[in-house]
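Novice: Below you will find the structure I want to go over with you.
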Amino acid sequence: MKKPTPNEIGQGYDAFADLLDQLWGVNLHHGYWEDASENVSVTGAANRLTDKLADLLTIEAGDRVLDLGCGIGEPAIRLATAHTIEVVGISISGRQVERAQERAVSAGLADRLSFELADAMDLPYPEESFDIVWALESLHHMPDRAHVLRQVTRVLRPGGRVAIGDFMLLPSAGGYEAGAARVNEASKGVLSVIGLDAYLAMIRAAGLVPVATEDVSKHTRPSWAKAEERFAALREQAVPHIGKEQFDLTLARFRAFSQEPALGYALLTAHKPA
Ligand SMILES: C[S@@+](CC[C@H](N)C(=O)[O-])C[C@H]1O[C@@H](n2cnc3c(N)ncnc32)[C@H](O)[C@@H]1O
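Each number in this note's numbering corresponds to the 1-based position in the sequence shown with 3 added.
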């Protein structure tokens with residue numbers, strides 16, 4: 004199945020911009036729940052996932068961070084509130100970049116945060132210009148993860164660090180290939196997943212050294228059912244905006260993913276050799 008191009012992904016996010024706020028709030032990534040019955044808000048659980056990934060990373064005062072696929076800037080704002088760092092965020096959605104910039108101003112962090120419209124497939128930054136690359140739930144969108152990871156290595160300083168939150172393929176009945184095919188079919192090519200070993204091999208092939216790996220699948224899985232429930236409640240606002248067909252397709256996709264045993268989620272960190 005053909006994967007959408009970066010421009011198509013950007014147009015999709017631009018079109019969904021206001022609905023996404025109502026659906027999921029300011030973070031555009033999964034939440035972390037201890038279990039499906041835990042009484043934590045979506046925003047609380049999503050912030051917790053940001054914090055879990057940040058806790059796996061060494062962040063030092065003065066670090067220059069590239070946020071690859073920054074959404075409307077919430078993870079960058081959270082990181083820059085907790086640490087005296089500079090963050091450059093990029094997104095393929097122009098609307099997200101505008102909103103992230105406005106939100107950085109409102110948070111009083113505009114002197115340390117900036118956001119740009121750019122394609123992670125072709126990073127417009129010189130070699131060795133960042134201490135950290137942070138990619139929370141964005142790599143799955145990109146046409147070629149291995150290529151993006153090589154770009155990441157290029158822009159990192161020696162000794163620089165990488166933090167990734169991404170979907171991954173879990174073993175399931177029928178084997179890896181059948182699981183990957185189901186996920187690909189349900190997402191119409193939007194979500195391409197690989198197993199953890201393949202992911203780690205890809206990180207190594209890009210010239211990086213894996214450091215920490217955490218399988219958080221069972222903690223992020225409740226996100227799909229919550230998204231389905233919240234999206235169903237938005238039917239009246241959503242249908243005039245995106246059409247009935249797209250609405251039904253999205254709802255069905257959330258349901259399929261919440262029940263898909265092959266779809267997991269990993270937090271990963273790595274470093275570039277000094
Ligand atoms: C699921 S959202 C995650 C946003 C943000 N990391 C967060 O956690 O709130 C995916 C993000 O990846 C960005 N993205 C997807 N493909 C991209 C590309 N080729 N280059 C830059 N950003 C991209 C989208 O525009 C969006 O901001």
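Think of the CB as a built atom: it goes at the ideal place given N, C-alpha and C, for glycine as much as any other residue.
Which residues in the same chain have their Cβ closer than 6 Å to the Cβ of A149, if we skip the five residues on either side of it in sequence?
Specialist: The residue labelled residue 149 in the question sits at position 146 within the sequence shown. So the qualifying residues of the chain are M205.
Novice: Using a Cβ-Cβ cutoff of less than 6 Å, which residues in the same chain neighbour S132 once the five nearest sequence positions on both sides are dropped?
Specialist: Against the sequence shown, residue 132 aligns to sequence position 129. Answer for S132: V158, listed in chain order.
Novice: What residues are listed by DSSP as bridge partners for T272?
Specialist: Walking along the sequence shown from the start, residue 272 turns up at place 269. Partner(s): A166.
Novice: Decide yes or no for the touch test of the stretch 237-254 against the stretch 127-143: beta carbon pairs closer than 8 Å, at least 3 of them.
Specialist: No, because fewer than three Cβ pairs between the stretch 237-254 and the stretch 127-143 fall closer than 8 Å, the two stretches do not touch.
Novice: My output table needs one value for W137: the three-state DSSP class, helix, strand or coil.
Specialist: Within the sequence shown, numbered from 1, the residue matching residue 137 stands at position 134. DSSP places W137 in strand when its eight states are reduced to three.
Novice: Are G267 and K5 touching if we call contact CB-CB under 8 Å?
Specialist: Locating residue 267 in the sequence shown gives position 264, where the first residue counts as 1. Locating residue 5 in the sequence shown gives position 2, where the first residue counts as 1. Result no, Cβ atoms of G267 and K5 do not sit closer than 8 Å.
Novice: Say the cut is 7 Å; is the CB of E11 nearer than that to a heavy atom of ligand 1?
Specialist: For the purposes of this step, residue 11 is identified with residue 8 of the sequence shown, where counting begins at 1. Checking the Cβ of E11 against ligand 1 gives no.
Novice: Give the straight-line distance between the Cα atoms of S261 and A183, rounded to the nearest whole angstrom.
Specialist: Counted from its first residue, the sequence shown places residue 261 at position 258. Counted from its first residue, the sequence shown places residue 183 at position 180. Approximately 15 Å, taken between the alpha carbons.
Novice: Since G92 is in the alpha helix (DSSP H), which residue starts that stretch and which ends it?
Specialist: Position 89 of the sequence shown, counted from the first residue, corresponds to residue 92. Premise fails: G92 lies in the beta strand (DSSP E), 89-94, not in any alpha helix (DSSP H).
Novice: Which class does S117 belong to by DSSP, given the choice of helix, strand or coil?
Specialist: Locating residue 117 in the sequence shown gives position 114, counting from the first residue. Looking at S117 - three-state DSSP - the assignment turns out to be strand.
Novice: Would you say the beta carbon of S2 is closer than 7 Å to some non-hydrogen atom of ligand 1?
Specialist: No answer is possible for residue 2: it lies beyond the span of the chain, which begins at 4 and ends at 277.
Novice: For ligand 1, I want to know if P78 counts as a neighbour, meaning its beta carbon is within less than 7 Å of at least one of the ligand's heavy atoms.
Specialist: Residue numbering aside, residue 78 sits at position 75 when the sequence shown is read from its first letter. Result yes, Cβ under 7 Å from ligand 1.
Novice: Measuring from the CB of G72, is there a heavy atom of ligand 1 at a distance below 7 Å?
Specialist: Position 69 of the sequence shown holds residue 72. G72: yes, Cβ under 7 Å from ligand 1.
Novice: Is it the case that the CB of Q99 approaches a heavy atom of ligand 1 more closely than 7 Å?
Specialist: One-based indexing of the sequence shown puts residue 99 at position 96. Yes, ligand 1 has a heavy atom inside 7 Å of this Cβ.
Novice: Does DSSP put D218 in a helix, in a strand, or in coil?
Specialist: Against the sequence shown, residue 218 aligns to sequence position 215. Three-state DSSP puts D218 in a strand.
Novice: Ends of the beta strand (DSSP E) at R224?
Specialist: By one-based count along the sequence shown, residue 224 stands at place 221. No beta strand (DSSP E) contains R224, which DSSP labels as neither H nor E.
Novice: Please name the residue or residues paired with E142 in a DSSP beta bridge.
Specialist: Along the sequence shown, read from residue 1 onward, the residue named residue 142 stands at position 139. Here the sequence assigns Leu to residue 142, which means Glu is not the residue at that position. None; L142 has no bridge partner.
Novice: For the stretch 110-120 against the stretch 25-34, are there 3 or more C-beta pairs whose distance is under 8 Å?
Specialist: The stretch 110-120 vs the stretch 25-34: no contact.
Novice: Which one of R224, E41, P78, A138 has the shortest CA to CA distance from L173?
Specialist: What you label residue 173 is simply residue 170 of the sequence shown in a count that begins at 1. For the residues R224, E41, P78, A138, the minimum Cα distance to L173 belongs to R224.
Novice: Mind pulling the alpha helix (DSSP H) runs of 4 or more residues that sit fully within the stretch 14-43?
Specialist: Counting only runs of 4 or more, we get nothing.
Novice: Give every residue of the same chain whose Cβ lies closer than 7 Å to the Cβ of R81, excluding the five residues on either side of it in the sequence, and list them in chain order.
Specialist: Counting from one through the sequence shown, the residue named residue 81 turns up at place 78. Answer for R81: N50, T53, listed in chain order.
Novice: In whole angstroms, what is the alpha-carbon distance linking A277 and V136?
Specialist: What you label residue 277 is simply residue 274 of the sequence shown in a count that begins at 1. What you label residue 136 is simply residue 133 of the sequence shown in a count that begins at 1. A277 and V136: Cα-Cα distance of roughly 15 Å.
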